[in-house]
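A.B. asks: Mind looking over this structure? Questions follow.
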Amino acid sequence: MTRAIRRPGWDLACDQRCYNKNKGAFIMGETRKSATEAGRNSPSMSKEDLTRAFHDMVLIRRFEERAGQLYGMGLIGGFCHLYIGQEAVVVGVQMELKQGDKIITSYRDHGQMLAAGMDPRGVMAELTGREGGYSRGKGGSMHMFSSEKHFYGGHGIVGAQVSLGIGLAFANKYRGTDEVSIAYFGEGASSQGQVYESFNLAALHKLPCVFVLENNHYGMGTSVERSSASKELWRNGEPWGIPGRQVDGMDVEAVRDAAREAIEHCRQGKGPYLLEMTTYRYRGHSMSDPAKYRPRSEVDEMRKNHDPIDRVRKELLAMGVGEAELKTIEDKVKEVVVDAADFAQTSPEPDPAELWTDVLVEG
1 MTRAIRRPGW DLACDQRCYN KNKGAFIMGE TRKSATEAGR NSPSMSKEDL
51 TRAFHDMVLI RRFEERAGQL YGMGLIGGFC HLYIGQEAVV VGVQMELKQG
101 DKIITSYRDH GQMLAAGMDP RGVMAELTGR EGGYSRGKGG SMHMFSSEKH
151 FYGGHGIVGA QVSLGIGLAF ANKYRGTDEV SIAYFGEGAS SQGQVYESFN
201 LAALHKLPCV FVLENNHYGM GTSVERSSAS KELWRNGEPW GIPGRQVDGM
251 DVEAVRDAAR EAIEHCRQGK GPYLLEMTTY RYRGHSMSDP AKYRPRSEVD
301 EMRKNHDPID RVRKELLAMG VGEAELKTIE DKVKEVVVDA ADFAQTSPEP
351 DPAELWTDVL VEG
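Structure (structure tokens):
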């Protein structure tokens, strides 16, 4: 069984925090060392790949911040779950995918969409319920799909996407391809019965599915320390012989390295793989959650010392990339997000006749 891998000299404080029951808060470790301080000669990703990762993470961060603003203005209805803080997970994983690989996730789904290459205009317009959205304004934040990008949703039922994810993996195997399915879910869903049923079927049929458990430490408002008897979630697939690995989900390089190993495992027909990404969301469970169940100091500590975008920025600066180049990337991202927000507010409302479409599949 594959054991959790930690790089020598790297302090994975976000993995190794302990819960202080008296204070009701996580005790944060010291700041993780830089690549140079840790004795690592060079980053595992090239300057070009790190630049791409920086762009994609900044896009997700700025998009989500703008979505939060539109929600506050009353332009986004229903639920809206933001991905701010978790960007390294989806960017690192999806950098390793190829055309045809399938993606499915929960209701915290905007980051996966953007990392899959879906148009920010279409995503934002769907959030505002407009005709120009990916589901023509009928799906909203939690129910967007793109067959072109092989993105099979956002799903609002906790853990339901995991069962659908192994269905996608079964289709890949049935068709004789080497394509894989990536099924994202959170630590709050990790104890769901359907998740374990999915583990069993995936292992039984050696389905090419990478289970990506995004452990942001709070299922809604409940700490995972209080809700899960298992403290090593990466080992939850062991009863079925599923190899697992715990990864620093705030480090896009560590995520990509682990994703490469897991995806190759699946492509070789060896069955499923479980990755536990220890990450952190800076905002509440949804826009309606004030997140009073955790101290502000905890959030500030994560932002200051473990932010995934700042980490990549420092790596790029150490490689000789100038501040001006990074500023240019950020400015271009800002233009894209502003354009998406404008489109989302000016795109027409769906025609009432749309109520009767996409209900049945016509032969």
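Under the UniProt record's numbering, the first residue of the sequence shown is numbered 1, with each subsequent residue one higher. Glycine included, every Cβ here is placed at the ideal spot set by N, Cα and C. Remember, it's a predicted structure, so these values are computed and weren't measured experimentally.
(1) Going by Cα to Cα distance, which pick from 213, 177, 348, 354 is closest to residue 190?
(2) Reducing DSSP to helix, strand and coil, say where residue 60 ends up.
(3) Tell me whether residue 234 is buried or exposed, calling it buried when 16 or more other Cβ atoms sit within 10 Å of its Cβ.
(4) Under the three-state reduction of DSSP, which class applies to residue 146: helix, strand or coil?
(5) Please classify residue 338: is it buried, with 16 or more other beta-carbons within 10 angstroms of its beta-carbon, or exposed?
(6) Which of the three DSSP states, helix, strand or coil, is assigned to residue 359?
(7) When burial is assigned at 16 or more other CB atoms within 10 Å of the CB, is residue 412 buried or exposed?
(8) With DSSP as the reference, please indicate the residues paired to residue 211 in a beta bridge.
(9) Report the rounded CA-to-CA distance for residue 345 versus residue 63, giving the unit in angstroms.
(10) Quick one: give me the first and last residue of the beta strand (DSSP E) that residue 244 is part of.
(11) Does DSSP put residue 346 in a helix, in a strand, or in coil?
(12) Just checking my contact of residue 273 with residue 243 at CB under 8 angstroms: how many whole Å lie between their CB atoms?
(13) In this structure, does DSSP put residue 157 in helix, strand or coil?
(14) Return the residue from the list 343, 290, 320, 76 that minimises the CA-CA distance to residue 51.
(15) Suppose you measure from the CA of residue 254 to the CA of residue 238; what does that come to, to the nearest Å?
(16) Compare the C-alpha of residue 228 against each of 252, 199, 204, 188 and name the closest.
(17) Can you tell which of 324, 46, 90 has the C-alpha that lies nearest to the C-alpha of residue 276?
(18) The beta strand (DSSP E) that contains residue 102, what's its start and end?
(19) Mind checking residue 270: buried by the 16 CB within 10 Å criterion, or exposed?
(20) Is residue 165 near residue 104, with beta carbons less than 8 angstroms apart?
(21) Can you give me the C-alpha to C-alpha distance between residue 127 and residue 70, rounded to a whole angstrom?
(22) What is the DSSP secondary structure of residue 177, reduced to helix, strand or coil?
(23) May I ask you to report which of helix, strand or coil DSSP gives residue 364?
(24) Any idea if residue 297 is buried or exposed, counting beta-carbon neighbours within 10 angstroms, 16 or more meaning buried?
(25) Mind reading off the beta-carbon distance from residue 249 to residue 278? Whole number of angstroms is fine, and I expect it under 8 angstroms.
(26) How is the alpha helix (DSSP H) around residue 134 delimited, first residue to last?
(27) Suppose you measure from the CA of residue 251 to the CA of residue 182; what does that come to, to the nearest Å?
(28) Report the option in 46, 257, 120, 82 whose CA atom is closest to the CA atom of residue 366.
(29) Terminal residues of the continuous alpha helix (DSSP H) containing residue 302?
C.D. replies: So, to answer that:
(1) The count along the sequence shown starts at 1 and reaches residue 190 at position 190. Closest by alpha carbon: 213.
(2) Residue 60 sits at position 60 when you count from the first residue of the sequence shown. Helix.
(3) Against the sequence shown, residue 234 aligns to sequence position 234. Buried: at least 16 other Cβ atoms inside 10 Å.
(4) Locating residue 146 in the sequence shown gives position 146, counting from the first residue. It is a strand residue.
(5) Here residue 338 is taken as the residue at index 338 of the sequence shown, counted from 1. Flag for residue 338 reads exposed.
(6) Counted from its first residue, the sequence shown places residue 359 at position 359. Coil at residue 359, not helix or strand.
(7) The structure shown does not extend to residue 412, since the chain is modelled only from 1 through 363, so no value can be given for it.
(8) In the sequence shown, residue 211 corresponds to position 211, counting from 1. Paired residue(s): 183, 274.
(9) Here residue 345 is taken as the residue at index 345 of the sequence shown, counted from 1. Here residue 63 is taken as the residue at index 63 of the sequence shown, counted from 1. If you take the alpha carbons of residue 345 and residue 63, they lie about 14 angstroms apart.
(10) Position 244 of the sequence shown, counted from the first residue, corresponds to residue 244. Segment 244-248, the beta strand (DSSP E) holding residue 244.
(11) On the sequence shown, position 346 is the one that residue 346 refers to. It is helical.
(12) Counting from one through the sequence shown, the residue named residue 273 turns up at place 273. Counting from one through the sequence shown, the residue named residue 243 turns up at place 243. Their Cβ separation, rounded to whole angstroms, is 6 angstroms, which keeps residue 273 and residue 243 in contact under 8 angstroms.
(13) For the purposes of this step, residue 157 is taken as the residue at position 157 of the sequence shown. In this structure, residue 157 counts as coil in the three-state DSSP scheme.
(14) The residue labelled residue 51 in the question sits at position 51 within the sequence shown. The shortest C-alpha separation from residue 51 is found at 320.
(15) Sequence index remark: in the sequence shown, residue 254 carries index 254 (1-based). Sequence index remark: in the sequence shown, residue 238 carries index 238 (1-based). So the two alpha carbons sit approximately 22 angstroms from each other.
(16) Position 228 of the sequence shown, counted from the start, is the residue given in the question as residue 228. If we check each option's Cα against that of residue 228, 188 comes out closest.
(17) Taking the sequence shown and counting its residues from 1, one reaches residue 276 at position 276. Comparing Cα-Cα distances from residue 276 to each of 324, 46, 90, the minimum goes to 90.
(18) Counting from one through the sequence shown, the residue named residue 102 turns up at place 102. Residues 102-104.
(19) Stepping through the sequence shown from its first residue, residue 270 is reached at position 270. The residue in question, residue 270, is exposed, as its Cβ has fewer than 16 Cβ neighbours within 10 Å.
(20) What you label residue 165 is simply residue 165 of the sequence shown in a count that begins at 1. What you label residue 104 is simply residue 104 of the sequence shown in a count that begins at 1. Going by C-beta atoms, residue 165 is nearer than 8 angstroms to residue 104.
(21) The sequence position of residue 127 within the sequence shown is 127, counting from 1. The sequence position of residue 70 within the sequence shown is 70, counting from 1. For residue 127 and residue 70, the distance between alpha carbons rounds to 9 angstroms.
(22) In the sequence shown, counting from the first residue as 1, residue 177 sits at position 177. In this structure, residue 177 counts as coil in the three-state DSSP scheme.
(23) Missing from the structure shown is residue 364; the chain here goes from 1 to 363 and no further.
(24) Here residue 297 refers to the residue found at position 297 of the sequence shown. With fewer than 16 other Cβ atoms within 10 Å, it is exposed.
(25) In the sequence shown, the residue the question calls residue 249 occupies position 249. In the sequence shown, the residue the question calls residue 278 occupies position 278. About 5 angstroms; that satisfies the 8 angstroms criterion.
(26) As a position in the sequence shown, residue 134 is number 134, starting the count at 1. Unbroken run through residue 134: none, as it is neither H nor E.
(27) Along the sequence shown, one-based indexing puts residue 251 at 251. Along the sequence shown, one-based indexing puts residue 182 at 182. Going by the C-alpha atoms only, they are around 19 angstroms apart.
(28) Outside the modelled stretch of the chain, which goes from 1 to 363, sits residue 366, for which no answer is possible.
(29) If you number the sequence shown from 1, residue 302 lands on position 302. Run containing residue 302: 296-306, per the alpha helix (DSSP H) assignment.
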